[in-house]
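J.: For the sequence shown, my numbering assigns the number 14 to the initial residue and increments by one for each residue that follows.
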Amino acid sequence: MAQPPTLTRQHRARLMALWRSAGWPYKDGIEIDLLAAGLLVAHRDELGREQLRLTDAGISWLAQARQQGQRAQSRHDRLALRFAEQLVGAGRIVWRELSLRAIIATEAPAPADSALWPAQAPPDAPVPHHWRLARPDLFSVRNTSVESYLQPQVHEVKVSRADLQSDLRDAAKREAYEWLSCETSYLFPAGIAEAQEIPEPYGVWVLHGEIDGGRFEQLRPARHRHCTLPFAVWLALAKATPLWIEEGGPLAL
């Protein structure tokens, strides 16, 4: 007898998608694996259309996989997801650890000697810059159809003072976040640092109590500046999957 296929996160995501939908089949290899494992069963509705539904074994496996994933989450992950729930509840679309390219300015060269006649002066050189890959813990935009209302935000999550101080020393990383968003804030458990230790442009959120049942408090709002999402960021958002709230449960991918 053939061995059952090894199930991966892709299989889990497909089971969850079918659970949340009408069960229309994709007709691909992932569904073949799930059907062979007995986690899905094909049937036809009253109009004769083929549909898929989870078996009891499929529901049990999906619940077990979710519980294992929740136990495996680090303290940092749990805090990030807990705060992401608050952002989603406030009407924002949230992505976790999204890889985004940002422009970082480099030191400009010394200006050349001015020409004797203005007409002979060389044109202004473009401001030198380079690209940097940024992965904010939480990147979010408002759920709106008006581009000027998007107000992209970055939230960096820290669970230790050493990690926070290391981040604050990385000026290029902070500059990348400023290029990507209208507001950048830091979130950490209360007692790790004081608000005045965080540079003035950045907002400060703290968690009082345990991660699962604690209370968030904004010690200082982030300084808002006007910005628009560059095309490269739009493209990255289109390729990525935002976080969503399972009905009656926590956030999930």
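Backbone N, C-alpha and C fix where the C-beta goes; we use that ideal spot for every residue, glycine too.
Rounded to whole angstroms, what is the Cα-Cα separation between V172 and A93?
T.: Computed Cα separation, rounded: 10 Å.
J.: Unbroken beta strand (DSSP E) runs of length 3 or more, entirely within the stretch 20-89: which are they?
T.: Fully enclosed beta strand (DSSP E) runs of 3 or longer: 53-57 and 63-67.
J.: What does a CB cutoff of less than 6 Å around A115 pick up in its chain, not counting 5 residues either side in sequence?
T.: Same-chain partners within the cutoff: R145, A147, A189, W192 and L193.
J.: Look at the alpha carbon of L113 and the alpha carbon of A175, and state the distance between them as a whole number of angstroms.
T.: Between L113 and A175, the C-alpha separation is close to 25 Å.
J.: Output needed for Q99: all residues of its chain with C-beta closer than 8 Å, excluding positions within five of it in sequence on either side, in chain order.
T.: These residues qualify, in order along the chain: F229.
J.: Cα separation between W108 and V167?
T.: Taking the straight line joining both Cα atoms gives about 10 Å.
J.: Roughly how many angstroms lie between the CA atoms of L242 and S161, to the nearest whole one?
T.: Their Cα atoms are separated by approximately 9 Å.
J.: On the three-state DSSP scale, how would you describe Y215?
T.: Here Y215 sits in coil by DSSP.
J.: Which two residues bound the contiguous beta strand (DSSP E) that contains E196?
T.: Element bounds for E196: E196 to P202.
J.: On the CB-based measure, 16 or more other CB atoms within 10 Å of its CB, does H237 come out buried or exposed?
T.: H237 comes out exposed.
J.: Compute the beta-carbon to beta-carbon distance between L200 and V246, rounded to the nearest angstrom, for a pair I have assumed lies under 8 Å.
T.: So it is not a contact: roughly 21 Å between Cβ atoms.
J.: From the DSSP output, in three-state form, read off S112 for me.
T.: Three-state result, S112: coil.
J.: What's the C-alpha gap between A70 and G51?
T.: Cα-Cα distance, rounded: 7 Å.
J.: Out of L75, S153 and R22, point me to the one whose CA is closest to R286's CA.
T.: Not covered by the structure: residue 286. The range shown for the chain is 14 to 266.
J.: Out of R66, P212 and P165, which has the shortest C-alpha to C-alpha gap to L31?
T.: Ranking the options by Cα distance to L31, first place goes to R66.
J.: What ranges does the alpha helix (DSSP H) occupy inside the stretch 155-198, keeping only unbroken runs of at least 4 residues that lie completely in it?
T.: The stretch 155-198 contains these whole alpha helix (DSSP H) runs: 174-181 and 184-193.
J.: Rounded to whole angstroms, what's the CA-CA distance from Q26 to L181? Just pull it up for me.
T.: A small fix is needed here, since residue 26 is Ala in this sequence, not Gln. Spanning the two alpha carbons is a distance of roughly 36 Å.
J.: Taking the alpha-carbon positions, what's the G102 to R88 distance?
T.: Roughly 21 Å between the two C-alpha positions.
J.: If you count every other CB in all the chains shown that lies within 10 Å of the CB of W37, and 16 or more means buried, which is it?
T.: Result: exposed.
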